[in-house]
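Asker:
Protein chains: 2
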Amino acid sequence: MTRILAHYIIETAGDPAYAAELMAGEQSAGTFVKVPGETPELLAAHGARVEGLTLLEQVESPSLPGAKPPKTAGGKYQRARVTLSFPFANIGASLTTLFSTVAGNLFELNPFSGLKLLDVEIPPEIASAYPLPAFGIDGTRRLSGVLDRPLFGTIIKPSVGLTPDQTAELVATLCAAGLDFVKDDELQTDSPHSPLEARVKAVMRVVNEHAERTGKKVMVAFNITGDLDAMRRGHDLVLAQGGTCVMVNMLAVGLVGVIELRRHSQLPVHGHRAGWGMFSRHPLLGIEYPAYQKFMRVAGVDHLHVNGLGNKFCETDASVIAATRECLTPMPGVGAVVLPVFSSGQTARQIPDTYRAINSLDWLYLAGGGIMAHPQGAAAGVRALHQSWEAAKAGTPLVEYARTHIELAGALERFGS
Amino acid sequence: MTRILAHYIIETAGDPAYAAELMAGEQSAGTFVKVPGETPELLAAHGARVEGLTLLEQVESPSLPGAKPPKTAGGKYQRARVTLSFPFANIGASLTTLFSTVAGNLFELNPFSGLKLLDVEIPPEIASAYPLPAFGIDGTRRLSGVLDRPLFGTIIKPSVGLTPDQTAELVATLCAAGLDFVKDDELQTDSPHSPLEARVKAVMRVVNEHAERTGKKVMVAFNITGDLDAMRRGHDLVLAQGGTCVMVNMLAVGLVGVIELRRHSQLPVHGHRAGWGMFSRHPLLGIEYPAYQKFMRVAGVDHLHVNGLGNKFCETDASVIAATRECLTPMPGVGAVVLPVFSSGQTARQIPDTYRAINSLDWLYLAGGGIMAHPQGAAAGVRALHQSWEAAKAGTPLVEYARTHIELAGALERFGS
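In structure tokens form, the structure reads like this:
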């Protein structure tokens with residue numbers, strides 16, 4: 001019988017082996033008060049098991065308040081990596097039940113002064129019940145016509161406040177500048193000041209005109225985040241207008257929202273992780289991206305945000321790279337590779353490091369200010385990104401390549417090298 | 001034009017007023033790199049505004065890693081309460097967009113070594129687009145037949161591992177013991193070892209038999225958490241079998257899952273908050289329950305878990321009481337009062353304190369071990385809860401009341417007084 005593995009980091013003032021058993025019991029058949037019916041046979045068949053326990057460092061102070069203190073004064077808090085396994089028979093082919101099991105009533109248990117879900121191995125028995133990414137990297141390349149290099153894109157800014165016509169005017173400029181991809185801001189959905197229908201129609205008119213003129217259909221990710229009916233209507237509208245992508249704020253709609261959107265969608269789904277900091281910001285609380293993104297891949301998003309190197313947020317470069325590699329690594333027996341999306345303070349500057357770190361052509365690189373604030377204008381901003389990519393591919397230092405490429409030189413001057 | 005208020009606690013090494021303006025800008029029309037189109041008119045119409053800023057204590061060390069350090073060595077981190085207002089025009093009548101706005105890309109901003117959403121005031125313009133609780137307290141009383149006192153209930157234990165027939169046998173015992181309410185564990189949904197259909201049919205047979213015999217229909221919250229179609233099928237099954245409640249793990253299915261379940265459901269929806277510790281456990285990261293529960297009330301759950309006094313988790317009693325009062329307080333212009341559910345290590349012992357703290361008859365009190373582990377058996381465990389409630393209502397100390405009530409005496413002896 002299949003068992004599902006989940007990996008955690010914990011911190012406890014007590015015995016880590018006891019704490020790990022407690023996690024296993026609470027999230028399966030056991031409780032630490034014996035109740036009738038809790039037979040040895042039932043526990044053997046349905047109990048979660050501790051499959052691994054590796055002690056890490058000790059610390060003086062608890063990472064989170066509210067936990068049981070050490071039994072002896074001056075006692076330390078022990079950190080450990082724990083692997084639990086759960087019987088498939090407890091869970092079934094359900095992502096939501098799996099989520100409740102591996103990320104449910106664990107975080108509040110008072111033996112723990114820290115507990116974070118690091119990773120989960122979603123087996124084919126569960127994944128096969130879901131649509132998985134319908135487009136992924138290949139489908140996105142086919143629709144965008146970009147076959148042999150990373151995709152370059154941008155975000156509509158200001159985030160909110162532009163009318164549909166002003167948005168379309170900006171998109172016309174961005175198309176002319178040579179971008180592959182444009183997306184709505186995560187804050188801009190279907191609002192009184194920019195109704196989705198008017199925005200989609202106005203933007204797709206200029207995108208379609210540009211495609212007719214040049215043969216290049218810029219992919220626009222319209223943010224259709226909303227109630228289920230609203231998302232379905234939004235998707236149908238984008239499809240009818242010749243659009244090639246829809247975007248969803250994954251944490252706002254939740255697993256059921258993402259799953260149902262994928263089941264309905266005939267377009268790539270661009271997964272935005274607005275609010276992700278809640279889960280990730282504390283090193284000993286919440287969920288790491290390797291775990292979270294697997295849920296979203298099985299649910300079927302095609303693009304996943306991974307922040308970016310040297311970003312404007314708090315995430316380290318190492319964490320960004322780990323998340324990116326995850327997106328590009330097939331899940332065993334499942335696959336579900338998705339296109340990683342770099343975004344947040346990205347400019348021509350970070351492209352060579354990004355390429356070196358992941359050693360793949362398959363990424364979408366979003367620059368906002370990095371394009372619009374280029375001293376020679378938006379078109380030069382896009383050319384600078386391409387030049388940075390050419391330099392990265394050739395292994396030529398940016399500063400050297402910039403000597404013969406004026407737009408890259410402008411970008412390095414403006415955004416630092 | 002309506003503006004939506006959200007309240008936060010922040011911690012920053014820099015100027016709190018600057019940090020508050022940054023939050024407002026990032027979550028609306030502004031960015032801290034000027035872009036074309038960011039006109040004064042646009043900012044005035046669509047910018048979020050700082051409506052209040054109250055300085056709190058200073059601390060030596062940052063609550064979260066990754067934030068910008070103080071500019072001067074030995075500088076402190078300042079905490080503050082911040083109130084922002086967002087134009088309704090940015091958001092529209094959408095809970096998911098509101099969530100992305102008030103709890104989106106804020107938590108990762110690097111000027112902040114702490115940021116938590118404390119509360120949000122959801123206006124009627126948004127709430128009126130949603131079904132709200134269809135049953136709430138009155139509907140639950142009508143269906144359960146308990147009109148003039150708190151409801152007493154329990155959770156099926158062991159959480160997972162019982163077959164449908166074993167579950168039904170346990171429910172028969174619990175019905176005979178005199179309980180008002182029984183719920184599935186949050187881990188038990190529709191699994192290979194306990195398929196929902198078999199479980200609902202087996203359990204409802206004994207519940208219906210008990211109702212025919214005694215006139216009392218015990219309310220059973222079947223955990224139908226799952227994909228949308230699975231939840232709808234589960235609900236229809238419970239309804240067809242004469243059941244009177246369905247349960248959902250809110251964090252696992254997300255906002256869209258809860259909203260769609262409510263739109264479909266002809267029964268009270270019991271909202272379980274498994275995983276809530278992720279959002280709440282750190283005092284300076286995530287979301288406080290007064291904010292989160294408003295989203296779920298507008299989405300339409302009828303019962304909301306609030307933990308319990310003296311619980312087995314990390315939450316303080318003060319936080320539990322604040323959450324309970326929120327559930328019982330109408331949202332201005334909206335209403336949406338819901339039944340608070342106490343659960344986690346609850347026994348006869350905490351009932352008087354619970355009543356004193358909230359001064360209301362409207363609560364559902366779940367005891368697991370507090371019933372099943374009673375030395376005189378489950379029926380005595382239930383009687384002990386009722387006796388504790390009678391003592392609380394009369395203002396009689398438990399120890400005194402126990403002198404003439406043997407089941408209460410047994411409970412106090414077993415669970416402490």
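Here the protein sequences come in this chain order: A and S. Under the numbering used here, think of the first position of the first sequence as 1, with each following residue one higher. Under the numbering used here, think of the first position of the second sequence as 1, with each following residue one higher. Cβ coordinates follow ideal geometry from the N, Cα and C atoms, glycine included. These figures come from a predicted structure and were not determined experimentally.
(1) Is DSSP giving Ser113(A) helix, strand or coil here?
(2) Can you name the residues that DSSP bridges to Cys245(S)?
(3) Could you check what DSSP says for Gly136(A) in three-state terms: helix, strand or coil?
(4) Does any residue of chain A bring its CB to less than 8 Å from the CB of His235(S)?
(5) Given a threshold of 16 other Cβ atoms within 10 Å of its Cβ, counted over all protein chains shown, does Gly368(A) qualify as buried or as exposed?
(6) Thinking C-beta only, is Val146(S) closer than 8 Å to Val486(S)?
(7) Start and end of the beta strand (DSSP E) containing Gly92(S)?
(8) Evaluate contact between the segment 327-344 of chain S and the segment 357-366 of chain S, counting only Cβ atoms and requiring at least three cross-stretch pairs below 8 Å.
(9) Taking just the CA atoms, how far does Ala24(S) sit from Gly418(A)?
(10) Within the continuous alpha helix (DSSP H) that includes Thr199(A), where are the two ends?
(11) Have a look at Ser94(S) and Ile126(S) and give me their C-alpha separation to the nearest angstrom.
(12) Apply the 10 Å Cβ neighbour rule to Gly30(A) and answer buried if 16 or more other Cβ atoms are within range, or exposed otherwise.
(13) Consider the Cβ of Ser128(S): report whether some Cβ of chain A lies at a distance smaller than 8 Å.
(14) Hey, out of Met1(A), Leu118(A), Leu328(A), whose CA is closest to Gly420(A)'s CA?
(15) Rounded to whole angstroms, what's the CA-CA distance from Glu51(S) to Leu284(S)? Just pull it up for me.
(16) On the three-state DSSP scale, how would you describe His7(A)?
(17) Quick one: is Met247(S) buried, meaning 16 or more other Cβ sit within 10 Å of its Cβ, or exposed?
(18) What number of angstroms, rounded off, separates the C-alpha of Pro131(A) from the C-alpha of His264(A)?
(19) Measuring only between beta-carbons, confirm whether Leu5(S) sits less than 8 Å from chain A.
(20) Just to make sure I have the definition right: I need the residues of chain S whose C-beta is within less than 9 Å of the C-beta of Cys245(A). Which are they?
(21) Does the Cβ-Cβ distance between Ala168(A) and Arg205(A) come in under 8 Å?
(22) Between the C-alpha atoms of Gln346(A) and Gly310(A), what's the straight-line distance to the nearest angstrom?
(23) Quick check on Lys76(S): buried or exposed, where buried means 16 or more other Cβ atoms within 10 Å of its Cβ?
(24) Listing by chain order, which chain S residues have their CB less than 9 Å from the CB of Ser28(A)?
(25) Give the residues from the segment 248-268 of chain A that approach chain S closer than 7 Å (Cβ to any Cβ), ordered along the chain.
(26) When Cβ atoms are compared, which residues of the segment 53-82 of chain S fall closer than 7 Å to chain A?
(27) Short of 6 Å in beta carbon distance, which residues of its chain neighbour Asn223(A), apart from the five on each side in sequence? Order them along the chain.
(28) Would you list, in chain order, the members of the segment 363-392 of chain S that have their beta-carbon closer than 8 Å to a beta-carbon of chain A?
(29) Beta carbon of Asp227(A), beta carbon of Thr96(S): below 8 Å?
(30) Rounding to the nearest angstrom, what Cα-Cα distance links Gly92(S) and His272(S) in this structure?
(31) Going along the chain, which residues of its own chain have a beta-carbon closer than 8 Å to the beta-carbon of Glu41(A), five neighbours each way excluded?
(32) Please name the residues in the segment 216-231 of chain S whose beta-carbon is closer than 7 Å to at least one beta-carbon of chain A, in chain order.
(33) Please list, in chain order, the residues of the segment 313-338 of chain A that have any C-beta partner in chain S closer than 8 Å.
(34) Per the DSSP calculation, Thr154(S) is bridged to which residue(s)?
Answerer: In this structure, then:
(1) The answer is strand: DSSP assigns Ser113(A) an E or B state.
(2) Its beta-bridge partners are Ala221(S).
(3) Taken through DSSP and simplified to helix, strand or coil, Gly136(A) comes out as helix.
(4) By this cut-off, His235(S) is not an interface position.
(5) Within 10 angstroms of the beta-carbon of Gly368(A) lie 16 or more other beta-carbons, which makes it buried.
(6) The question about residue 486(S) has no answer here: the residues shown for chain S are numbered 1 through 417.
(7) Segment: none, Gly92(S) is in no beta strand (DSSP E) and carries neither H nor E.
(8) With a cut-off of 8 Å on Cβ pairs, the segment 327-344 of chain S is in contact with the segment 357-366 of chain S, counting three or more such pairs.
(9) Examination of residue 418(A) is not possible in this model, given that chain A is present from 1 through 417 alone.
(10) Before going further, note that residue 199(A) is Arg rather than Thr in the sequence given. 196-214 is the span of the alpha helix (DSSP H), which, as asked, contains Arg199(A).
(11) Rounded to whole angstroms, the separation of the alpha carbons of Ile126(S) and Ser94(S) is 6 Å.
(12) So Gly30(A) ends up on the buried side.
(13) Not a single CB atom of chain A sits nearer than 8 Å to the CB of Ser128(S).
(14) Nothing about residue 420(A) can be reported from this structure: the residues present for chain A run from 1 to 417 only.
(15) So the alpha carbons of these two residues sit roughly 20 Å apart.
(16) Looking at His7(A) - three-state DSSP - the assignment turns out to be strand.
(17) By the neighbour-count rule (16 or more Cβ atoms within 10 Å), Met247(S) is buried.
(18) Rounded to the nearest angstrom, the two C-alpha atoms are 10 Å apart.
(19) Leu5(S) is outside the set of residues whose beta carbon lies under 8 Å from a beta carbon in chain A.
(20) Within chain S, no C-beta atom comes less than 9 Å from the C-beta of Cys245(A); the nearest is roughly 18 Å away.
(21) When the beta-carbon positions are compared, Ala168(A) and Arg205(A) come within less than 8 Å of each other.
(22) Roughly 8 Å between the two C-alpha positions.
(23) Exposed: under 16 other Cβ atoms inside 10 Å.
(24) Within 9 Å Cβ-Cβ: Pro158, Ser159, Val160, Gly161, Leu187.
(25) The segment 248-268 of chain A vs chain S, Cβ under 7 Å: Asn249, Ala252, Val253, Gly254, Leu255, Val256, Gly257, Ile259, Glu260.
(26) Within the segment 53-82 of chain S, those residues whose Cβ lies closer than 7 Å to any Cβ of chain A are, in chain order, Leu64, Pro65, Gly66, Ala67.
(27) Excluding the 5 residues flanking it on each side, Asn223(A) has same chain C-beta neighbours closer than 6 Å at Asp184, Gln188, Thr189, Met247, in chain order.
(28) If you check each beta-carbon in the segment 363-392 of chain S against every beta-carbon of chain A, the ones closer than 8 Å belong to Gly368, Gly369, Met372, Ala373.
(29) Yes, Cβ-Cβ distance for Asp227(A) and Thr96(S) is below 8 Å.
(30) For Gly92(S) and His272(S), the distance between alpha carbons rounds to 28 Å.
(31) So the list is empty, once near-sequence residues are dropped.
(32) Hits within the stretch, in order: Thr225, Gly226, Asp227, Leu228.
(33) So the close ones are Phe313, Cys314, Glu315, Thr316.
(34) Partner residues in the beta bridge of Thr154(S), as assigned by DSSP, are Val182(S).
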